[in-house]
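Engineer:
Protein chains in written order, with my numbering: chain A, 74 to 367; chain B, 2 to 463; chain C, 62 to 335.
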């Protein structure tokens, strides 16, 4: 009898504490996600009202779609470069801003500012800068590479997106690295100094290994956000020139809502999810392994 | 304990309601939408029959309007305010959009979400896409359509049904700045003298020799794909079916665009334009403000664009006011269709939804539309915004801007290209084939690759 | 010592140079927001001839600024408050009850963080659309609650793990129930990490574009990021009022940031340690 009341009591507590969180989570994320997986096996079209089971046809269509594959590769390279440069710059900034520098808080705050603003707004600001300011600068300096807009050449437009991404996230990642640097105990560093460790050695053998948790977080953030980038893509290039800068997310959005191919778009989204999952998980495993080895 | 139990019950109830509704929704989609469509269909007809009784207009009704002509959102807003003053029972809410926002996606998500607007100003391709959901207008339920100019109602007729009311006529071709060109020619230049590619070439070279870049191409896919490339379909013949027939052959793969002399001709002309392009150094900038400003300031003598350019021109200071149109010839035979004409098109239509609105709402929208299109008070808003309306009862004393006047002159002389097939070209087609055109004009693709890409695109369209 | 001085100098110059690169876009945006489109196409660097607020007035009216501001405020504040409340409770329960099901739930929550929004978007719109639930602020708040849970629970979970049990036990011994012990003892201790979640979620929701653009259909419901689209015309962007509109949009966040910079910086760093 007592056990029964206890179980009931526990169930009650479970509902009170977990109920709201789980209900919203299930209704907004879990159910739509599972339903979305189901839709990839149908010819779902809300305008025509069809939803018949068609097996793997949507996935077959994706792998036959050279354009999507091309855009997927482009997304991969965008994710790769923005991850590398974001983290390099953030690490460097964090390193410099934890060495007894004046006005530390002001500087940290300054570098964090771009994070206050959403991708859409950032995209407009930078579109204006690339299209008007940079070209004007190029003309007055008579420096040829800057005279034409960055946004009119496929490779340079991707570069522009990487630049803005680095600008946007470096400050945020810097904060995480700062936390990592602050967390390294002084004793360990001092002990190493007594043992005769020099700056570079210290960095390689003590600082970086103890920063592994920060690396895991930062890499995770940049990789997953990179794959999902949409706002910035929309506002900065909107695919221009000639669709060369449509990253995976934008392709999915347009496939579904512009070309009416909801089910194919959904299947592409699932492929994107698998890619993010593989990238994120292997990143975490790899960095963890480094941590163990070091 | 009591409280805990109560909240537990409540939460479980909430959970089960939510779960069942979540689970149910997908299953009911299909039958539900078809049932509601047909049932409203039937009741709409009843409403029409009863429309003579004024009683049903007495009830306050709120309707929504979806606008894809983003440059005149304010015009519609003011128009609806006025309408509400005149007919206090009807409130029209404007759903404004902008091109960058993805208008097609927005409309689609509205319909997909069961929130379709009551009536809308949309592209002809949308009318075709949503034809099952749209209200059929007839001369009985919309007698005001009798005021429409010849051929205008046919433009809004799809599959034998009038699904869209025309409201503006637009034209495009090679706009020219009269001040700049007349100066080079030492007197009034006659655009009719340009009727072959060679004469266009001589014209461009003459202008260029005076030190002014001779033309300007707008590096955006809607201009290059939606407007320029569409010419190669439309000029296949003067009838709409000539153009659509050609597209059907491309879809079926029984024709290749490369083999069309018209395509080759237009691309030869394009090469010529590219060579004299004001934006030659960076052809894909595609900044409409910049281009209009440069053209208005006389930095380029001609501009492949249409009379809608005027709306943007009026926001600028110190720009020229007098413009005309030159045809875009594709061959060296002045008699060829397309060489002496400019395009005239009904770019947008007003349509009414019957699938997701009540019959009262549909009726209110139909009444409002009649007022907008044919009542002098309604028409005045369009006239003030510089639109040339295809209705016979429009005031005749209106003086239009130079661009619209030039289009009207071509129309008067019957020198227009029928762009009817434009209705069958979706936004997706402009973007996709327009992107290929952008590659071509920036020399990132050869003409062969362009032709191949166009063929490939059409084959994917069902 | 001398060498040290030189490196310090290099360091400062480098950092200040970078900082200028980081800040200059804002500067350009502000100076150009006082010019006409024609002027700033011609000379984006020059200072405006005079401080002219025409663009601001134009933007204020066109984007229905107050309406957008109110919507953004209501949506952001309600969502963030509800996320913090529900997720801290859930995280507490997950930490304190090491049941098998709780472990599974936690694993699912963490795994869900790598699901891209794109994989949810289409079914979400179709499910809620079919139930006629779109076009309401409150549904959007509900959705933010769902999307915000995983991250917030993850952060709270990490923090609560390190709170000793003894203090709660004191409350329980005094005859209080679990709810009381959570709200009286645990929740106050969470303040630093609440600040972290608060900041990151406010920034996320305030600036979000894609989700509100799918859910909020009617113009009276629009949030500030959505209203900036009113400057996009059929063929072009009306840049001058757009710049002013952008300044207006980021102003509330910027002002808060200037006043609470210390707490915000601390909060973000705090979150990163977990």
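Just so it is clear, CB atoms sit at the ideal spot from N, CA and C, and this is done for glycine as well.
Computed from a prediction, not measured in an experiment: that's the story for all the values here.
Within its chain, find whatever has a CB closer than 7 Å to the CB of residue 97(C); leave out the 5 residues flanking it on each side and keep chain order.
Structural biologist: 301
Engineer: Can you list the residues of chain B that residue 194(A) reaches, using a CB-CB cut of under 9 Å?
Structural biologist: Among the residues of chain B, none has a CB under 9 Å from the CB of residue 194(A); the nearest is roughly 13 Å distant.
Engineer: What is the C-beta distance between residue 90(C) and residue 304(C), in whole angstroms, given that I count them as a contact (C-beta under 8 Å)?
Structural biologist: 6 Å
Engineer: Give me the chain B residues within the contact set of residue 220(A), using Cβ-Cβ distance strictly less than 9 Å, ordered along the chain.
Structural biologist: 282 and 283
Engineer: Can you tell me where the beta strand (DSSP E) holding residue 67(B) begins and where it ends?
Structural biologist: 62-68
Engineer: Which residue wins for smallest C-alpha separation from residue 296(B), given the options 82(B), 284(B), 336(B) and 310(B)?
Structural biologist: 310(B)
Engineer: Just to confirm the assignment, what range does the alpha helix (DSSP H) spanning residue 301(A) have?
Structural biologist: Run containing residue 301(A): 285-301, per the alpha helix (DSSP H) assignment.
Engineer: Please classify residue 396(B): is it buried, with 16 or more other beta-carbons within 10 angstroms of its beta-carbon, or exposed?
Structural biologist: exposed
Engineer: Is the segment 142-158 of chain C touching the segment 65-82 of chain B, taking contact as three or more C-beta pairs under 8 Å?
Structural biologist: no
Engineer: Return helix, strand or coil for residue 169(B), following the three-state DSSP convention.
Structural biologist: Note: residue 169(B) maps to coil in three-state DSSP.
Engineer: Does residue 126(B) have its Cβ less than 9 Å from a Cβ in chain C?
Structural biologist: no
Engineer: Exposed or buried, residue 328(C), counting other C-beta atoms within 10 Å across all chains shown (16 or more means buried)?
Structural biologist: buried
Engineer: Based on the DSSP secondary-structure assignment, which residues constitute the bridge partners of residue 352(B)?
Structural biologist: 121(B)
Engineer: So which of 80(C), 122(C), 184(C) and 238(C) has the shortest CA-CA distance to residue 285(C)?
Structural biologist: 122(C)
Engineer: Short of 7 Å in beta carbon distance, which residues of its chain neighbour residue 323(B), apart from the five on each side in sequence? Order them along the chain.
Structural biologist: 179, 180 and 403
Engineer: Identify whether residue 268(C) lies in helix, strand or coil by the three-state DSSP scheme.
Structural biologist: helix
Engineer: By the 7 Å beta-carbon criterion, what residues does the segment 196-215 of chain A contribute toward chain B?
Structural biologist: 204
Engineer: From the beta carbon of residue 151(A), is the nearest beta carbon of chain B less than 9 Å away?
Structural biologist: no
Engineer: Unbroken beta strand (DSSP E) runs of length 3 or more, entirely within the segment 223-251 of chain B: which are they?
Structural biologist: none
Engineer: How would you call residue 104(C), buried or exposed, if buried means at least 16 neighbouring beta carbons within 10 angstroms?
Structural biologist: Result: exposed.
Engineer: For residue 208(A), which residues from the same chain have a beta carbon less than 8 Å from its beta carbon, with the 5 sequence-adjacent residues on both sides left out?
Structural biologist: So the list reads 219, 220, 221 and 222, once near-sequence residues are dropped.
Engineer: Within 9 Å (strictly less), CB to CB, does residue 120(A) reach chain B?
Structural biologist: yes
Engineer: Which of helix, strand or coil does DSSP assign to residue 127(B)?
Structural biologist: Residue 127(B) falls in the helix class under three-state DSSP.
Engineer: In or out: residue 449(B) buried (at least 16 other Cβ within 10 Å) or exposed?
Structural biologist: exposed
Engineer: Identify the continuous alpha helix (DSSP H) that holds residue 202(C) and give its terminal residues.
Structural biologist: 198-221
Engineer: From the DSSP output, read off the bridge partner residues of residue 382(B).
Structural biologist: Paired residue(s): none; residue 382(B) is not in a bridge.
Engineer: Does residue 432(B) get closer than 9 Å to chain A when you measure Cβ to Cβ?
Structural biologist: yes
Engineer: Enumerate, from N- to C-terminal direction, the unbroken alpha helix (DSSP H) stretches of 4 or more residues contained entirely within the segment 364-435 of chain B.
Structural biologist: 377-385 and 403-413
Engineer: In whole angstroms, what is the alpha-carbon distance linking residue 296(A) and residue 286(B)?
Structural biologist: 30 Å
Engineer: Could you check what DSSP says for residue 163(C) in three-state terms: helix, strand or coil?
Structural biologist: Helix, per DSSP.
Engineer: Under 9 Å, do residue 170(B) and residue 153(B) count as touching if we go by C-beta distance?
Structural biologist: A contact, by the Cβ cut-off of 9 Å.
Engineer: Return the first residue and the last residue of the beta strand (DSSP E) that residue 93(B) is part of.
Structural biologist: 91-96
Engineer: Residue 357(B) CB to nearest chain A CB: under 9 Å?
Structural biologist: Between residue 357(B) and chain A, the shortest Cβ-Cβ separation is not below 9 Å.
Engineer: Between residue 306(C) and chain B, is the shortest Cβ-Cβ distance under 9 Å, so that the two count as touching?
Structural biologist: no
Engineer: Helix or strand or just coil, what does DSSP make of residue 304(B)?
Structural biologist: Residue 304(B) falls in the strand class under three-state DSSP.
Engineer: Evaluate residue 248(A) with the Cβ neighbour count: other Cβ atoms within 10 Å of its Cβ, from every protein chain shown; 16 or more gives buried, anything less gives exposed.
Structural biologist: With 16 or more Cβ atoms within 10 Å of its Cβ, residue 248(A) is classed as buried.
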